[in-house]
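Working notes, structure below.
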Amino acid sequence: MRVILVGPPGSGKGTQAKQVSDRFAIPHISTGDILREAVRNKTALGLQAEPIMAAGGLVPDDLMIGIIRERLNQEDATAGFLLDGFPRTVVQAEKLDAILEGNEGSDLSVVVLLVPDALIVNRITLRRSCGACGSVYHLENLPPSMEGVCDKCGAPLVARPDDNEEAVVKRLGAYHAQTAPVVEYYRAKGKLKEVDGNAAVDVVFERVMRSLGV
Ligand code: AMP
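The sequence shown begins at 952 in the numbering used here and counts up by one.
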């Protein structure tokens, strides 16, 4: 099972990705999570990525491709994986094809979550995540049981530094300019499944499952 989940920022991609990876017991590979960890650990990658991410831009393709190549080479990814946040540009999609070539790349499914732009800013500014375990909440749609505290590990919930309105507008712009062509790239290859992401988490999850033929 090889799944790529695509969608604009705030489309519920990360939340769905976690559920799908649990259901199929495949690793959830989020390039955003990998970068945020690098920022927390102040690695060379993190120091380079931090200002780009804070401004809502995209980290250079060559860096991202190196990260994914290394991650997909790890043992747990051999039987399948779910990619969340990669590929975000056509160059990344082409390189991913090359990495997967000769590696049964043809069983790839690409699910795109469709959510209107008008809903994105509300979704993102009400998003909170756990600084310790990365669990994601939404103050209206998916609130934690106790305000400001992660249900899973009890750590404080915080807003992501790139979840301010200015960065969100820039991220949406990057999505339309650079990631929408990735959707067309996979459509042309007959791998695309479109899912309406404008519904409750469980409803969208059922739609994602159905799109994958489950
Ligand atoms: P995400 O958690 O997927 O919303 O990613 C957060 C930020 O990390 C993005 O706004 C980008 O700055 C950066 N990022 C994550 N994945 C990629 C990627 N595949 N290519 C370029 N930048 C990325």
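From the three backbone atoms N, C-alpha and C, an ideal C-beta is built for every residue, glycine too. Please read these numbers as outputs of a predicted model, since none were measured by experiment.
For the pair Leu1065 and Val1146, the CB atoms are nearer than the 8 Å cut-off. For Gln1043 and Pro1011, the gap between their C-alpha atoms comes out near 10 Å. Restricting attention to beta strand (DSSP E) runs no shorter than 3 residues, the region 1053-1127 encloses them at 1059-1065, 1078-1081 and 1087-1089, ordered along the chain.
Gln1043 has its Cβ nearer than 7 Å to a heavy atom of ligand 1. Assigned with DSSP and collapsed to three states, Val1010 falls in coil, not helix or strand. For Phe975, the enclosing alpha helix (DSSP H) stretches over residues Lys964 to Phe975. For Lys1046, same chain residues with a beta-carbon under 7 Å away, outside a window of 5 residues either side, are Ile1016 in chain order. Contact annotation: Leu1070 and Arg1079 have beta-carbon atoms that are not nearer than 8 Å. Minimum Cα-Cα distance from Leu1014 among the listed residues Ala1030, Ala1128 and Gly997 corresponds to Gly997. The DSSP-derived three-state label of Leu996 is helix.
Of all C-beta pairs linking the region 975-995 to the region 1096-1104, fewer than three are shorter than 8 Å, placing the two stretches out of contact. The residues Val1066, in chain order, have a CB closer than 6 Å to that of Asn1149 in the same chain once the five nearest residues on each side in sequence are set aside.
With a cutoff of 7 Å, Leu1033 does not count as near ligand 1, since its C-beta is closer than that to no heavy atom of the ligand.
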